[in-house]
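Comments concern the structure below.
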Amino acid sequence: MAMQNLQPQLKAIQARYAGNQERIQLETARLYKQAGVNPLAGCLPTLATIPVWIGLYQALSNVANEGLLTEGFFWIPSLGGPTTIAARQSGAGISWLFPFVDGHPPIGWHDTICYLVLPVLLVASQFVSMEIMKPPQSTDPSQKNTQLILKFLPFMIGYFSLSVPSGLSIYWFTNNVLSTAQQIWLRKLGGAKPAVNEGASGIITAGRAKRSGAQSGQGGERFKQLKEEENRRKAVKALGAGDSNGSTTSEDEESDDDTTEE
Numbered sequence: 001m002a003m004q005n006l007q008p009q010l011k012a013i014q015a016r017y018a019g020n021q022e023r024i025q026l027e028t029a030r031l032y033k034q035a036g037v038n039p040l041a042g043c044l045p046t047l048a049t050i051p052v053w054i055g056l057y058q059a060l061s062n063v064a065n066e067g068l069l070t071e072g073f074f075w076i077p078s079l080g081g082p083t084t085i086a087a088r089q090s091g092a093g094i095s096w097l098f099p100f101v102d103g104h105p106p107i108g109w110h111d112t113i114c115y116l117v118l119p120v121l122l123v124a125s126q127f128v129s130m131e132i133m134k135p136p137q138s139t140d141p142s143q144k145n146t147q148l149i150l151k152f153l154p155f156m157i158g159y160f161s162l163s164v165p166s167g168l169s170i171y172w173f174t175n176n177v178l179s180t181a182q183q184i185w186l187r188k189l190g191g192a193k194p195a196v197n198e199g200a201s202g203i204i205t206a207g208r209a210k211r212s213g214a215q216s217g218q219g220g221e222r223f224k225q226l227k228e229e230e231n232r233r234k235a236v237k238a239l240g241a242g243d244s245n246g247s248t249t250s251e252d253e254e255s256d257d258d259t260t261e262e
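In terms of our numbering, the sequence shown has 129 at position 129, counting the first letter as 1, and numbering is strictly consecutive.
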């Protein structure tokens, strides 16, 4: 959420320094520092689930290989199915789908449809999760390319889920649902305050602050110069008025003297 709150400032930096990628990176780093935001912090929850995911994959694969995981779960025939560990190791993880035998899949239509429901749900949940969590649209070409690649990510996950134990797909689907619900609660129901305070909208870059300070300093010096010039003009005007009054007084005195003599 903190990164999304900073999107207006990031777009302003990109527009202001368009064509100067080095300056954009510098000002972006300063903005993150001022707002107290770590752009890599959002990756930590995802990275934390990787060991759990790997451990669960190994555990389910080993249990299924021993023939101990044959129980069904809701509509799923087996948590260890549909493929075997030998098929996964040989690169034939989706051999349970093809080839058809006498017009039906190798494991039959019923089990095949039951197993296919989970990848479909997984792809749909991944799309919804990405749609809710995605940041605002960016004009950066590199960001557009990244967003285009991410659109195909749910399909890649769905294809991968065809060759792993169903228990792992259930874990993945449950994680998507819980993460999506958490984001909806945080954003729309006011469950958490924005990580960036309201004053963050007034954050300006150091370069702009420096220029503003320089312009203010130049304006102050110019004001002083104009004030001094105005004072000098007033002083000169006052001296000129004094000289004029003195000359008039002298002429009046001479005129009075002439009148007296007459």
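Note that the Cβ used here is the ideal one computed from N, Cα and C, for glycine as well.
Query, Result
"Expressed to the nearest angstrom, what Euclidean distance is found between the alpha-carbon atoms of asparagine 176 and isoleucine 132?", "11 angstroms"
"Spatial neighbours of threonine 259 within its chain, please: C-beta separation below 7 angstroms, excluding the five flanking residues on both sides.", "Legend: pLDDT at threonine 259 = 46, less than 50; position of this residue unreliable, no value from coordinates given."
"Are the beta-carbon atoms belonging to leucine 168 and leucine 56 less than 8 angstroms from one another?", "yes"
"Going by beta-carbon coordinates alone, are isoleucine 157 and leucine 118 separated by less than 8 angstroms?", "no"
"What first and last residue would you give for the alpha helix (DSSP H) that runs through histidine 110?", "109 to 133"
"By the 10 Å Cβ neighbour count, where 16 or more other Cβ atoms means buried, how is glutamate 27 classified, buried or exposed?", "buried"
"Could you pull the start and end residues of the alpha helix (DSSP H) that proline 8 belongs to?", "7 to 16"
"Assuming alanine 28 is part of the alpha helix (DSSP H), what are its boundary residues?", "This sequence places threonine at residue 28; alanine is not what is there. Element bounds for threonine 28: 21 to 35."
"Would you say leucine 6 and valine 37 are within 8 angstroms of each other, going by their C-beta atoms?", "yes"
"Are there 16 or more other CB atoms within 10 angstroms of the CB of alanine 181, so buried, or fewer, so exposed?", "exposed"
"Taking its Cβ as the centre, do 16 or more other Cβ atoms sit within 10 Å of valine 236, making it buried, or is it exposed?", "exposed"
"Helix, strand or coil: which one does DSSP assign to valine 236?", "helix"
"Please state whether DSSP places valine 164 in a helix, a strand or coil.", "coil"
"By Cβ distance, which residues of its chain are closer than 7 angstroms to valine 128, with the 5 residues on each side in sequence left out?", "Thr180"
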